[in-house]
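Novice: Next up is a structure, given as structure tokens.
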Amino acid sequence: MPLALLALAIGAFGIGTTEFVIMGLLPDVAADFQVSIPAAGFLVTGYALGVVLGAPLMTILGTRVTRKRMLMLLMGLFIVGNVVSALAPVFGVMLAGRVIASLAHGAFFGIGSVVAADLVAPEKKAGAIAMMFTGLTVANVVGVPMGTYVGQNFGWRVTFFVVAGLGVLGLLGVAKLVPEQSRLQGVRIRHELAAFRNVQVLLAMAMTVLGFGGVFAAITYITPMMTETAGFATSSVTWLLVLFGLGMVAGNLLGGRFADRRLMPMLYVSLGALAAVLALFTLTAHNKIAAAVTIFFIGALGFATVPPLQKRVLDQAAGAPTLASAVNIGAFNLGNALSAWLGGIVIAAGFGYTAPNWVGAVLAASALLLAVLSGAIERRTVTSGRLAAVQPPGSAAGVGTGGSMPTASAPISR
393 MPLALLALAI
403 GAFGIGTTEF
413 VIMGLLPDVA
423 ADFQVSIPAA
433 GFLVTGYALG
443 VVLGAPLMTI
453 LGTRVTRKRM
463 LMLLMGLFIV
473 GNVVSALAPV
483 FGVMLAGRVI
493 ASLAHGAFFG
503 IGSVVAADLV
513 APEKKAGAIA
523 MMFTGLTVAN
533 VVGVPMGTYV
543 GQNFGWRVTF
553 FVVAGLGVLG
563 LLGVAKLVPE
573 QSRLQGVRIR
583 HELAAFRNVQ
593 VLLAMAMTVL
603 GFGGVFAAIT
613 YITPMMTETA
623 GFATSSVTWL
633 LVLFGLGMVA
643 GNLLGGRFAD
653 RRLMPMLYVS
663 LGALAAVLAL
673 FTLTAHNKIA
683 AAVTIFFIGA
693 LGFATVPPLQ
703 KRVLDQAAGA
713 PTLASAVNIG
723 AFNLGNALSA
733 WLGGIVIAAG
743 FGYTAPNWVG
753 AVLAASALLL
763 AVLSGAIERR
773 TVTSGRLAAV
783 QPPGSAAGVG
793 TGGSMPTASA
803 PISR
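Here our numbering is used: the first residue of the sequence shown is 393, the next is one more, and so on.
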């Protein structure tokens, strides 16, 4: 794998750390700004919405520069956002810093996926995408726990300064290691928007929303579920999230490897298994060991879908993948927001802290149905294309309209 993928992975590591570390620092931030925990939660919601809106916006704004230059500008924006958060004198400025940083998220992963795929041979594209996303998964194993520890012991502002430093490393890495891609100088908006007329692109994005949404339906409420139902101490939740992160790393690497071989079967297996494991979590959540094992597999199966889904969008939007790729990253965060909202509804309705697992299972199963539909449409298209290729013009009409016998001008295709 090219060294340029390391630079992309470093940027992804910084982005993943700043996205999730706030969850462990919410009480400290809320106390510092004298706001309630629910109010401080807007730092999470605001970031997610910023990713959804920023993915297409920043991609469109960057259509007149090379992808390498755009990646550098996005890392610069990420650095600014985290520095603003670190220096924020009031809560509103802190929220603004979070939103500024989030605007770089979707476009970085979207454009980075295109760059990563172009750095390797066609049969290694999903693996290259997975390598970049490894930075995001490792952030949940190393970056988030370390960032939480630093914030709790040295102040949460120090954490955001450190994350800004990671952004500087990512910026320097992109500048030094990512090659200029002269044949991909910017994109044309009209050309990029045309990709959204492809039903397969839309189906892949819907799978992204529902599939990964299933994961976050459970993980969003992991703290009350594990402390109230499984009986873990609050201090143990951090290590359970590390276990979840380890699963993400394993699933991401396996998803990238097998998606390069058989993409759609990989999606069928991972989405089907994810739905089953989420449903099973309603039972295993009552036992500490079983719950810990299940959390690992939720992370693994959930992130096993990421490289194939991202590659699916790139394949189906071939020729105009930049905007579609970035929007698909926003779709992950849209799924997160949707599933968290639905999970909150079933808890508020009195179904208990394990009820979001059923929500997640239904979402993952719905994504599986869309995957099956997408595969069926693809097979029908391929079959139709083969028939059209082997039948000379006029042969189909001669055979199918009146049942007439074939003539010399319309031979039977074998």
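Note that beta-carbon positions come from the ideal geometry of N, C-alpha and C, so glycine has one too.
Can you tell me the Cβ-Cβ gap for residue 446 and residue 605, rounded? I've got them flagged as a contact below 8 Å.
Specialist: Incorrect: roughly 19 Å between the Cβ atoms, too far for contact.
Novice: May I ask which residues mark the beginning and end of the alpha helix (DSSP H) holding residue 544?
Specialist: It spans 536-546 - the alpha helix (DSSP H) in which residue 544 sits, taken as one unbroken run.
Novice: What distance in whole Å lies between the Cβ atoms of residue 518 and residue 657, which are believed to be in contact at a cut-off of 8 Å?
Specialist: In fact, because the Cβ distance is near 13 Å, the residues do not count as touching under 8 Å.
Novice: What residue does the alpha helix (DSSP H) around residue 426 start on, and which one ends it?
Specialist: Neither: residue 426 is in no alpha helix (DSSP H) and is coded neither H nor E.
Novice: Can you grab the Cα-Cα spacing for the pair residue 775 / residue 653, in whole Å?
Specialist: Near 21 Å, if we compare the C-alpha coordinates of residue 653 and residue 775.
Novice: Assign residue 770 to one of three DSSP states: helix, strand, or coil.
Specialist: Residue 770 falls in the helix class under three-state DSSP.
Novice: Could you give the C-beta distance for residue 476 and residue 488, rounded to a whole number, given that I count them as a contact under 8 Å?
Specialist: Yes, they are in contact, since the Cβ atoms of residue 476 and residue 488 sit about 6 Å apart, within 8 Å.
Novice: Per DSSP, what kind of secondary structure is residue 526 in: helix, strand or coil?
Specialist: Of the three classes helix, strand and coil, the one that applies to residue 526 here is helix, per DSSP.
Novice: Evaluate residue 514 with the Cβ neighbour count: other Cβ atoms within 10 Å of its Cβ, from every protein chain shown; 16 or more gives buried, anything less gives exposed.
Specialist: So residue 514 ends up on the exposed side.
Novice: Sorted by chain position, which residues of the same chain lie with C-beta nearer than 6 Å to residue 620's C-beta, five sequence neighbours on each side aside?
Specialist: Closer than 6 Å at Cβ, skipping near neighbours: 745.
Novice: Quick one: residues in its chain with C-beta nearer than 8 Å to the C-beta of residue 618, no 5 flanking neighbours on either side, listed in chain order?
Specialist: Excluding sequence neighbours, residue 618 sits near 624, 628, 629, 632, 677, 683.
Novice: Here's a check: name, in chain order, each residue in its chain whose Cβ is nearer than 7 Å to the Cβ of residue 651, leaving out the five neighbours to either side.
Specialist: Excluding sequence neighbours, residue 651 sits near 518, 658, 699, 700, 703.
Novice: Verify whether the separation of the beta carbon atoms of residue 531 and residue 612 is less than 9 Å.
Specialist: Their beta carbons are not under 9 Å apart, which means residue 531 does not touch residue 612 by this criterion.
Novice: For residue 460, count neighbouring Cβ atoms within 10 angstroms of its own Cβ and tell me buried if that reaches 16, exposed if not.
Specialist: It is buried - the Cβ of residue 460 has at least 16 other Cβ atoms within 10 Å.
Novice: Could you pull the start and end residues of the alpha helix (DSSP H) that residue 699 belongs to?
Specialist: Its alpha helix (DSSP H) spans residues 698-708.
Novice: Going by the CB atoms, is the gap between residue 448 and residue 432 shorter than 9 Å?
Specialist: The answer is no: Cβ separation not under 9 Å.
Novice: Quick one, are the C-beta atoms of residue 667 and residue 768 less than 9 Å apart?
Specialist: No. Outside cutoff.
Novice: Taking the straight line between their C-alpha atoms, what separation do you get for residue 452 and residue 506?
Specialist: Approximately 15 Å, taken between the alpha carbons.
Novice: Closer than 9 Å, CB to CB, is residue 592 near chain D or not?
Specialist: Chain labels in this structure do not include chain D; a single protein chain is all it has.
Novice: Where residue 422 and residue 483 are concerned, what is the direct C-alpha to C-alpha distance, given to the nearest angstrom?
Specialist: Whole-angstrom Cα-Cα distance: 9 Å.
Novice: Residue 595 to residue 426, Cα distance in whole Å?
Specialist: Taking the straight line from one Cα to the other gives about 44 Å.
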